[in-house]
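The structure appears below as structure tokens.
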Amino acid sequence: MFSFTKEQKVFDISGIKIGGQPGTYPTVLIGGLFFKGEPDFDKAKSQLKKMYDLSRRIGNPSMPDFFVRKEEFIEDIVDFIEKSTPKNQPFSVDIIDPNLKIKILEALHEKKLLSRTVYNSIHVGTTDEERKTLKKFTPEAAIIVAFNPKDKSPDGKIEVLANGANLLDKGLLDITKEIGIKKVLVDTAAMAPGDNSGASISAIPVIKEEYGLPTGCAIHNVVEKSNWLDDFKDARKPVDAASNINIPLFGGDFAIFGPMHNSDLAFPMIAWEDILVSEYTESYFGVEPCDFHPRRKLF
Amino acid sequence: MKNNVTTTVIGSYPVNIDNYDLMNHYFGQKEILWSKYIESAVNDMVNAGIQLVSDGQTRDPFVNIFYRKLGGCRIRERPEVIDKIQYNEPIIIEDQKYVKQIIPENRQLIGLLAGPHTLSQSCVDLFYNDEKELAFDFAEALRKEAESLQKHVDMISIDEPFFSVSMPDYAKELIETVTSGIKKCPVRVHICGDISEIIPEILELPVDILSHEFKATPKLFDAFKDHSFSQRICLGSVRSDKPVVEPVDDIIKHIRRGIDVFGDKISQLAPDCGLRLLPKGIAFQKLKNLVEAGEKIYDR
Numbered sequence: 158m159f160s161f162t163k164e165q166k167v168f169d170i171s172g173i174k175i176g177g178q179p180g181t182y183p184t185v186l187i188g189g190l191f192f193k194g195e196p197d198f199d200k201a202k203s204q205l206k207k208m209y210d211l212s213r214r215i216g217n218p219s220m221p222d223f224f225v226r227k228e229e230f231i232e233d234i235v236d237f238i239e240k241s242t243p244k245n246q247p248f249s250v251d252i253i254d255p256n257l258k259i260k261i262l263e264a265l266h267e268k269k270l271l272s273r274t275v276y277n278s279i280h281v282g283t284t285d286e287e288r289k290t291l292k293k294f295t296p297e298a299a300i301i302v303a304f305n306p307k308d309k310s311p312d313g314k315i316e317v318l319a320n321g322a323n324l325l326d327k328g329l330l331d332i333t334k335e336i337g338i339k340k341v342l343v344d345t346a347a348m349a350p351g352d353n354s355g356a357s358i359s360a361i362p363v364i365k366e367e368y369g370l371p372t373g374c375a376i377h378n379v380v381e382k383s384n385w386l387d388d389f390k391d392a393r394k395p396v397d398a399a400s401n402i403n404i405p406l407f408g409g410d411f412a413i414f415g416p417m418h419n420s421d422l423a424f425p426m427i428a429w430e431d432i433l434v435s436e437y438t439e440s441y442f443g444v445e446p447c448d449f450h451p452r453r454k455l456f
Numbered sequence: 244m245k246n247n248v249t250t251t252v253i254g255s256y257p258v259n260i261d262n263y264d265l266m267n268h269y270f271g272q273k274e275i276l277w278s279k280y281i282e283s284a285v286n287d288m289v290n291a292g293i294q295l296v297s298d299g300q301t302r303d304p305f306v307n308i309f310y311r312k313l314g315g316c317r318i319r320e321r322p323e324v325i326d327k328i329q330y331n332e333p334i335i336i337e338d339q340k341y342v343k344q345i346i347p348e349n350r351q352l353i354g355l356l357a358g359p360h361t362l363s364q365s366c367v368d369l370f371y372n373d374e375k376e377l378a379f380d381f382a383e384a385l386r387k388e389a390e391s392l393q394k395h396v397d398m399i400s401i402d403e404p405f406f407s408v409s410m411p412d413y414a415k416e417l418i419e420t421v422t423s424g425i426k427k428c429p430v431r432v433h434i435c436g437d438i439s440e441i442i443p444e445i446l447e448l449p450v451d452i453l454s455h456e457f458k459a460t461p462k463l464f465d466a467f468k469d470h471s472f473s474q475r476i477c478l479g480s481v482r483s484d485k486p487v488v489e490p491v492d493d494i495i496k497h498i499r500r501g502i503d504v505f506g507d508k509i510s511q512l513a514p515d516c517g518l519r520l521l522p523k524g525i526a527f528q529k530l531k532n533l534v535e536a537g538e539k540i541y542d543r
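Shown next, in the form of structure tokens:
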């Protein structure tokens, strides 16, 4: 285990603490809803309840990540967020299409939900129109995806954050700063198996040491894309959940752990790793875990 | 064209990269193919009538193409040397193979190497603390690339813009190192900027063609008058730093001035430098006018 020489930022995002030296705050767990498209709000309610219960029991903060695939879903999903998520809890909206991203920002603004919104995400494909809308309707925080099409190594991820890798007029960090978003989480951009997928893990300490920002990734995506695991069908779900322990092990701050219905496996696994990290960092570096750390709940 | 005068480019060509498309490849976890950008640049050169085309250096600024693949280098906020320079894998070979497949049979291909001095001067050295040693290690790596490259191109160009900023005592040996394994094709060195004070040193370089920006720095015509030399000349004839298309007559006048100085030593007509920073439409029209001017002079 290790400690970073760079001062580590800790953000309070609508009541959730994220970031810091390894062993201080537990990994924030981000579970996805509506990945397949059409929302099933009854299922979503029960999955949310389960995730929040686990979060309370174990100590790891959690956050729902709402996928929005079509414009026709925006109104219902935003209504659901307003009515069915706790008023003091953050959530993220996870959208690919820039036009939908613009529309949901307007909808979140109208419902006065931007102060709880984590925008997922800003990246090399973020359009000028999207940047303008983000300046007008600025969310509380944003996830930056450090994907560099030219270089998938940790260095390449730094490059795209720092200067845009000659694909953008400036680096992703400066773009986000210019928009006015102060709370930035860096997603190290997990790639498919065989495509430098391990770099999303090794980049975590590199980026934290360089910028001191809360860093994590969706490492479970690598498992999801694995054909090799087709030969071990029973192992797929545990491997998917277990892959997330790499994040706290490498000093990371958040895990986008996949579909929310995987909470029952993901939460105890990651909490267990958080406990191990905390024990080591306290004995070696004197880093004390925060009051709500899972290690406090274990002993 | 008659008289063996060829229209060509110095290297880079503008390209409009679709970042959203690149990001969609990430979201879909699909392989990113750069071929469409190479094709876009090469097609423009071919359609403008350029005879000796390049791959357009669309992937990166030209030095970064080399830093990205050479061992010992990394690119973060800026290129850095963090270990001994090593040649680990071919750098531009695959792109040249691709270009050869897509150009018509009556067109040729020039392979572009960033020069060792320019590479040593364009990065932050965190390992060597000795710029000569660093430059020679770059040269050795480039020698290996050049040896393979000659099998896939019709000419090799070594781009050394930094010679016009600081010409090292060992410039000749550096270029010799790079060219020592090239037996199958001619070699051009491109040095842009004001080189009027270093012409004697440039004439020592073991290359076949000297390429300079005569359009932006016309005083070079007078500077060359005092020297006799065996190399042929690539005459920079349209500006690469100004987004204004030179009329054909203006280019003809410039080439005639070049002929007055160099006569039949002129073997190539090209832009002054890479066109990467110009709008694509303007770069295309500049090349088109260059070709038309060349044809009017040499095909008459």
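In the order they appear, the protein sequences are chains B and S. Under the numbering used here, the first residue of the first sequence carries the number 158, and numbering increases by one thereafter. Under the numbering used here, the first residue of the second sequence carries the number 244, and numbering increases by one thereafter. Yeah, the Cβ is synthetic: ideal placement off N, Cα and C, and Gly gets one too.
| Asked | Found |
| --- | --- |
| Against chain B, does R519(S) count as a neighbour if the rule is that its beta carbon must be under 7 Å from one of theirs? | no |
| By a C-beta neighbour count over all protein chains shown, 10 Å radius and 16 as the cutoff for buried, is Q294(S) buried or exposed? | buried |
| Just to confirm the assignment, what range does the beta strand (DSSP E) spanning E323(S) have? | P322 to Q329 |
| Using the Cα positions of P359(S) and V430(S), report the straight-line distance between them to the nearest angstrom. | 15 Å |
| For chain S, check one thing: does any of its Cβ atoms lie closer than 7 Å to the Cβ of H280(B)? | yes |
| Helix, strand or coil for A299(B)? Go by DSSP, reduced to three states. | strand |
| Which runs of the alpha helix (DSSP H), 4 residues or longer, sit entirely within the segment 290–320 of chain S? | 305–310 |
| Would you decide whether N217(B) is buried or exposed? Buried here means 16 or more other CB atoms lie within 10 Å of its CB. | buried |
| Within the same chain, show all residues whose beta-carbon is closer than 7 Å to that of I170(B), passing over the 5 residues directly before and after it, in chain order. | P247, V275, E297, A298 and K340 |
| Classify P306(B) as helix, strand or coil using the three-state DSSP reduction. | coil |
| Compare the C-alpha of D146(B) against each of R213(B), G408(B) and K166(B) and name the closest. | Any question about residue 146(B) goes unanswered here, given that chain B covers just 158 to 456. |
| Run down chain S in chain order and give the residues with a C-beta less than 8 Å from the C-beta of N323(B). | D303, P304 and N307 |
| My parser needs the alpha helix (DSSP H) runs of 4 or more residues fully inside the segment 283–363 of chain B; what are they? | 285–293, 311–319 and 329–336 |
| Going along chain S in order, which residues have a C-beta closer than 7 Å to the C-beta of N320(B)? | E320 |
| Give the single residue among N259(S), R386(S), L512(S) and Y280(S) whose Cα lies nearest to the Cα of E416(S). | R386(S) |
| Where do the ends of the beta strand (DSSP E) carrying A375(B) lie? | Careful: A375(B) lies outside any beta strand (DSSP E) and carries neither H nor E. |
| Interface residues of chain S around P306(B) at Cβ under 7 Å? | L265 and I275 |
| So for Q339(S), helix, strand or coil by DSSP? | helix |
| Going along the chain, which residues of the segment 272–297 of chain S sit with their C-beta nearer than 7 Å to a C-beta in chain B? | Q272 and I275 |
| At 8 Å on the CB atoms, spell out the chain S contacts of I315(B), in chain order. | R319 and E320 |
| What does a CB cutoff of less than 7 Å around S357(B) pick up in its chain, not counting 5 residues either side in sequence? | T345, A346, A347, M348, C374 and I376 |
| With T181(B) and V343(B) assumed to form a contact (beta carbons below 8 Å), what rounded beta-carbon distance in angstroms separates them? | About 18 Å separates the two Cβ atoms, so there is no contact after all. |
| Do the segment 253–272 of chain B and the segment 286–297 of chain B touch if we need at least three Cβ pairs shorter than 8 Å? | yes |
| Tell me whether K273(S) is buried or exposed, calling it buried when 16 or more other Cβ atoms sit within 10 Å of its Cβ. | exposed |
| Quick check on this structure: which residue in D402(S), E376(S), K539(S) and R519(S) has the alpha carbon closest to the alpha carbon of V285(S)? | R519(S) |
| If you compare alpha carbons, which of G282(B), P311(B), K289(B) and I259(B) is closest to Y368(B)? | P311(B) |
| Three Cβ pairs or more, each shorter than 8 Å: is that satisfied between the segment 185–199 of chain B and the segment 412–427 of chain B? | yes |
| Starting from C447(B), follow its DSSP beta bridges and name the residues at the other end. | According to DSSP, C447(B) bridges with nothing at all. |
| Expressed to the nearest angstrom, what Euclidean distance is found between the alpha-carbon atoms of G355(B) and S400(S)? | 38 Å |
| Taking the alpha carbon of D285(B) as the reference point, which residue from G177(B), D308(B) and D326(B) has its own alpha carbon closest? | D326(B) |
| Whose C-alpha, out of K390(B), T290(B), P350(B) and T184(B), is nearest the C-alpha of G337(B)? | T290(B) |
| Rounding to the nearest angstrom, what Cα-Cα distance links A459(S) and D308(B) in this structure? | 35 Å |
| Starting from the beta carbon of I260(S), find every residue of chain B whose beta carbon is closer than 7 Å, and list them in chain order. | L324 |
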